[in-house]
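For reference, the structure discussed in these notes is given below.
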Amino acid sequence: MTLGLRLLQSSPGARTHLPGAAAAGGRLAVSTHMPLLGRRYRYLSLLGEGASAQVVLAEDVLGGASELVAIKVMRRQYAYAGQKEARALRFAPAAARAVQLRGVFCHSGHVCLVLERLVPSLLDYVAESACLAPAARLANLRALALQLLGAVAALHARGVVHADLKPENLLLVAPLGDGSEGACPQVRLADFGSAFSVTATDTASLAFDVQTLPYRAPEVALGRGGRAAMDAWSLGCVLAELALHRPLFPAHSPSQLLLQMEAALGPLPPALRVAPGRAQGSYPGGLGRGLETPAAPQPRSLKGRATGLQASGALASCPDPGMAPDSRRRQLLKGADPEADRAPAMVPGRGLLASWAEALPPLGAELARVDRSAADLILRLLAWDPARRLTPAEALSHPFLSAVSPAGELLAALRGQIAAEQLRALCR
Numbered sequence: 001m002t003l004g005l006r007l008l009q010s011s012p013g014a015r016t017h018l019p020g021a022a023a024a025g026g027r028l029a030v031s032t033h034m035p036l037l038g039r040r041y042r043y044l045s046l047l048g049e050g051a052s053a054q055v056v057l058a059e060d061v062l063g064g065a066s067e068l069v070a071i072k073v074m075r076r077q078y079a080y081a082g083q084k085e086a087r088a089l090r091f092a093p094a095a096a097r098a099v100q101l102r103g104v105f106c107h108s109g110h111v112c113l114v115l116e117r118l119v120p121s122l123l124d125y126v127a128e129s130a131c132l133a134p135a136a137r138l139a140n141l142r143a144l145a146l147q148l149l150g151a152v153a154a155l156h157a158r159g160v161v162h163a164d165l166k167p168e169n170l171l172l173v174a175p176l177g178d179g180s181e182g183a184c185p186q187v188r189l190a191d192f193g194s195a196f197s198v199t200a201t202d203t204a205s206l207a208f209d210v211q212t213l214p215y216r217a218p219e220v221a222l223g224r225g226g227r228a229a230m231d232a233w234s235l236g237c238v239l240a241e242l243a244l245h246r247p248l249f250p251a252h253s254p255s256q257l258l259l260q261m262e263a264a265l266g267p268l269p270p271a272l273r274v275a276p277g278r279a280q281g282s283y284p285g286g287l288g289r290g291l292e293t294p295a296a297p298q299p300r301s302l303k304g305r306a307t308g309l310q311a312s313g314a315l316a317s318c319p320d321p322g323m324a325p326d327s328r329r330r331q332l333l334k335g336a337d338p339e340a341d342r343a344p345a346m347v348p349g350r351g352l353l354a355s356w357a358e359a360l361p362p363l364g365a366e367l368a369r370v371d372r373s374a375a376d377l378i379l380r381l382l383a384w385d386p387a388r389r390l391t392p393a394e395a396l397s398h399p400f401l402s403a404v405s406p407a408g409e410l411l412a413a414l415r416g417q418i419a420a421e422q423l424r425a426l427c428r
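So, in structure tokens, the structure goes:
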């Protein structure tokens with residue numbers, strides 16, 4: 001389990017110090033002698049550790065039926081973040097595929113979240129899937145896209161934005177290699193420490209406190225805050241990583257991130273070039289103030305991985321990437337015809353393939369070599385402008401997913417869920 005929580009304001013009651021083994025920095029010194037929740041849980045091993053928490057493997061011995069669980073032990077100064085994550089997990093609907101929360105307790109002043117024990121993350125699958133046949137990889141990409149888009153659409157229907165989607169936070173239900181070879185894994189969404197409500201009014205304060213840097217949306221990197229569209233961008237990055245078997249934007253600073261985005265997607269639209277000044281410094285590409293802030297800690301798994309796209313000479317001929325991909329292609333292929341913008345086409349027919357390829361930014365051309373329909377979906381999720389970005393619910397009806405899902409039934413179920421949530425809100 002990854003531990004990418006951001007620093008949040010602690011509540012006064014979250015800093016209560018109780019007797020127990022503690023180490024520097026508010027970290028609990030875990031050991032086999034810890035009496036977790038009155039010895040209900042027996043410590044087995046340390047699974048992982050990060051800036052805000054550590055995750056231990058434990059055995060639930062209640063009632064004599066032993067069960068393995070993962071316990072996320074928050075550092076004392078992140079107690080409020082742990083409480084916030086627990087609330088988000090309780091609020092998430094089943095369709096959101098969130099990791100199951102079994103319980104919450106306090107140990108020596110540390111908030112502890114008892115979670116279902118899950119196995120390697122989607123990051124491990126990215127490495128393993130390189131050995132699969134191309135047809136199997138593409139089939140799994142479709143199935144995983146359906147899982148992830150459906151899960152995030154359900155989460156958004158409940159009014160929750162995850163705000164830290166990345167392969168390390170997408171855990172697998174079963175170990176790789178279980179079942180038939182090459183079978184698509186089932187995924188769970190984890191680490192809701194950065195999640196927030198879509199009704200939050202101060203979205204500017206969310207800038208730089210959410211999203212791991214390589215999966216950060218451009219509006220967040222520019223200090224403009226963000227809404228639910230930031231999750232769609234992160235999903236586009238994840239799906240591109242699954243398709244290309246490398247991280248899309250392995251950046252180490254916001255300015256480097258935006259340079260890599262431009263190399264992949266074409267120039268940043270002029271409307272986004274001036275960022276509201278929250279941070280200090282300037283962007284080497286001339287974006288102005290608001291970019292050189294301390295970056296979020298980078299996941300260890302990015303070290304030594306691929307270095308990303310290089311700047312291409314084709315950038316000068318790229319259409320405006322802020323325009324939705326289908327509108328951009330129709331503009332190039334059909335000229336200024338006002339009716340062209342209403343055309344429903346997503347993926348071109350064979351006769352338009354050459355012109356379609358010329359309209360793609362460098363990333364689109366690379367993805368099209370994997371699958372044209374997948375390239376179209378991913379580019380729509382990676383639109384510069386969040387208002388033109390495809391939402392997860394809209395993406396479920398994309399032709400790329402039609403081979404594995406009755407998208408109409410899924411959309412009908414999601415619309416019903418959204419209507420039910422709106423009715424509950426009116427009755428409160």
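The letter at position 85 of the sequence shown is residue 85 when you use the UniProt record's numbering, and the numbering goes up by one with no holes. Just so you know, even glycine gets a beta-carbon here, dropped at the ideal spot from N, CA and C.
Quiz prompt | Bridge partner(s) assigned by DSSP for K72 | solution = Stepping through the sequence shown from its first residue, residue 72 is reached at position 72. DSSP lists V55, L113 as partners of K72.
Quiz item: Once you ignore the five residues that flank A127 on each side, which residues in its own chain have a CB closer than 7 Å to its CB?
Solution: For the purposes of this step, residue 127 is taken as residue 127 along the sequence shown, with counting starting at 1. Sequence-distant partners of A127 (beyond 5 residues in either direction) whose C-beta falls short of 7 Å from its own C-beta are missing from its chain.
Quiz item: When the Cα atoms are used, what is the spatial distance from A70 to P267?
Solution: Looking up residue 70 in the sequence shown gives position 70. Looking up residue 267 in the sequence shown gives position 267. Taking the straight line joining both Cα atoms gives about 44 Å.
Quiz item: At which residues does the beta strand (DSSP E) containing H162 begin and terminate?
Solution: On the sequence shown, position 162 is the one that residue 162 refers to. Run containing H162: none; DSSP gives neither H nor E here.
Practice problem: Check the DSSP bridge columns for A98 and list the partner residues they point to. | Solution: For this step, residue 98 is matched to residue 98 along the sequence shown. A98 pairs with L189.
Quiz item: By how many angstroms is the C-alpha of G109 removed from the C-alpha of A143?
Solution: Counted from its first residue, the sequence shown places residue 143 at position 143. Counted from its first residue, the sequence shown places residue 109 at position 109. Computed Cα separation, rounded: 42 Å.
Quiz item: Do the segment 130-148 and the segment 238-249 make contact, defined as three or more Cβ pairs closer than 8 Å?
Solution: Enough Cβ pairs lie closer than 8 Å, so yes.
Self-check item: Which listed residue (P386, S121, S66) has its alpha carbon closest to that of P269
Solution: In the sequence shown, counting from the first residue as 1, residue 269 sits at position 269. The closest CA to that of P269, considering only P386, S121, S66, is found on P386.
Quiz item: By Cβ distance below 6 Å, which residues in the same chain neighbour A154 in space, the five residues on each side in sequence not counted?
Solution: Your numbering for residue 154 matches position 154 in the sequence shown. Cβ neighbours of A154 beyond the five flanking positions: P93, A95, A96.
Quiz item: So, is T212 buried or exposed, given that buried needs 16 or more other C-beta atoms within 10 angstroms?
Solution: Working through the sequence shown from its first residue, we reach residue 212 at position 212. Taking a 10 Å sphere around the C-beta of T212, we find 16 or more other C-beta atoms and assign the residue as buried.
Exercise. Whole angstroms is fine: what's the gap from C106's alpha carbon to C112's?
Key: In the sequence shown, counting from the first residue as 1, residue 106 sits at position 106. In the sequence shown, counting from the first residue as 1, residue 112 sits at position 112. For C106 and C112, the distance between alpha carbons rounds to 6 Å.
Quiz item: Which of helix, strand or coil does DSSP assign to D231?
Solution: As a working note, residue 231 is residue 231 in the sequence shown. Reduced to three states, the DSSP call for D231 is helix.
Exercise. Starting from P168, follow the alpha helix (DSSP H) in both directions and report where the run begins and ends.
Key: Numbered from its first residue, the sequence shown carries residue 168 at position 168. Residue identity differs from the one stated: residue 168 is Glu in this sequence, not Pro. No alpha helix (DSSP H) holds E168; DSSP gives it neither H nor E.
Exercise. Compare the C-alpha of L122 against each of V56, L239, L258 and name the closest.
Key: The residue you call residue 122 lines up with position 122 of the sequence shown. The residue with the shortest Cα to Cα distance from L122 is L239.
Quiz item: From what residue to what residue does the beta strand (DSSP E) around G48 run?
Solution: For this step, residue 48 is matched to residue 48 along the sequence shown. 41-49 is the span of the beta strand (DSSP E), which, as asked, contains G48.
Quiz item: With distances taken from CA atoms, which of L257, D231, S253, R273 is nearest L390?
Solution: Taking the sequence shown and counting its residues from 1, one reaches residue 390 at position 390. Comparing Cα-Cα distances from L390 to each of L257, D231, S253, R273, the minimum goes to D231.
Self-check item: Start and end residues, beta strand (DSSP E) containing P120
Solution: Translated into positions along the sequence shown, residue 120 becomes position 120. Taken as a continuous stretch (DSSP letters only), the beta strand (DSSP E) holding P120 covers 119-121.
Quiz prompt | Beta-carbon proximity check, C237 vs L248, cutoff 7 Å | solution = Counted from its first residue, the sequence shown places residue 237 at position 237. Counted from its first residue, the sequence shown places residue 248 at position 248. The answer is yes: Cβ separation under 7 Å.
Quiz item: Nearest CA to the CA of residue 472: which residue from A174, R102, G182, A98?
Solution: What the structure shows of the chain is the stretch from 1 to 428, and residue 472 is not part of that stretch, so it cannot be assessed.
Practice problem: Please state whether DSSP places C106 in a helix, a strand or coil. | Solution: Working through the sequence shown from its first residue, we reach residue 106 at position 106. Under the three-state reduction of DSSP, C106 is assigned to strand.
Quiz item: Just the Cα atoms here: how many angstroms apart are E219 and L382?
Solution: Here residue 219 refers to the residue found at position 219 when the sequence shown is read from its first residue. Here residue 382 refers to the residue found at position 382 when the sequence shown is read from its first residue. Near 12 Å, if we compare the C-alpha coordinates of L382 and E219.
Quiz item: Taking 7 Å as the CB-CB limit, is L401 close to chain B?
Solution: The structure shown contains no chain B, having only a single protein chain.
Quiz item: Counting Cβ pairs closer than 8 Å, one from the segment 256-265 and one from the segment 154-164, do we hit at least three?
Solution: They do not touch, by the three-pair rule.
Practice problem: Run the CB neighbour count on A79, radius 10 Å, all protein chains shown included, and call it buried at 16 or more, exposed below. | Solution: Locating residue 79 in the sequence shown gives position 79, counting from the first residue. Per the 10 Å Cβ criterion, buried.
Quiz item: L183: which of L235, S129, S197 sits nearest, CA to CA?
Solution: Translated into positions along the sequence shown, residue 183 becomes position 183. The sequence as given places Ala at residue 183; Leu does not occur at that position. Out of L235, S129, S197, the CA that lies nearest to the CA of A183 is found in S129.
Quiz item: Is F249 helix, strand or coil when you go by DSSP?
Solution: Counted from its first residue, the sequence shown places residue 249 at position 249. Coil at F249, not helix or strand.
Exercise. Consult DSSP for L396 and reduce its assignment to one of helix, strand or coil.
Key: Translated into the one-based positions of the sequence shown, residue 396 becomes position 396. Correct three-state label for L396: coil.
Practice problem: Determine the contact status of A265 and P361, defining contact as a CB-CB distance below 7 Å. | Solution: Translated into the one-based positions of the sequence shown, residue 265 becomes position 265. Translated into the one-based positions of the sequence shown, residue 361 becomes position 361. According to the sequence shown, residue 265 is Leu rather than Ala. Yes. Within cutoff.
Quiz item: Going by beta carbon distance, what residues of the same chain come within less than 6 Å of H156, once the five residues before and after it are set aside?
Solution: On the sequence shown, position 156 is the one that residue 156 refers to. Cβ neighbours of H156 beyond the five flanking positions: A228.
Quiz item: A393 to G150, Cα distance in whole Å?
Solution: The residue labelled residue 393 in the question sits at position 393 within the sequence shown. The residue labelled residue 150 in the question sits at position 150 within the sequence shown. A393 and G150: Cα-Cα distance of roughly 7 Å.
Quiz prompt | Three-state secondary structure (DSSP) of D376 | solution = The residue given as residue 376 occupies position 376 in the sequence shown. It is helical.
Quiz prompt | According to DSSP, residues forming a beta bridge with L89 | solution = Position 89 of the sequence shown, counted from the start, is the residue given in the question as residue 89. L89 is not bridged to any residue.
Quiz prompt | Sub-7 Å separation of S66 and L57 beta-carbons | solution = Reading the sequence shown from its first residue, position 66 is the one you call residue 66. Reading the sequence shown from its first residue, position 57 is the one you call residue 57. Here S66 is not near L57, since their CB atoms are 7 Å or more apart.
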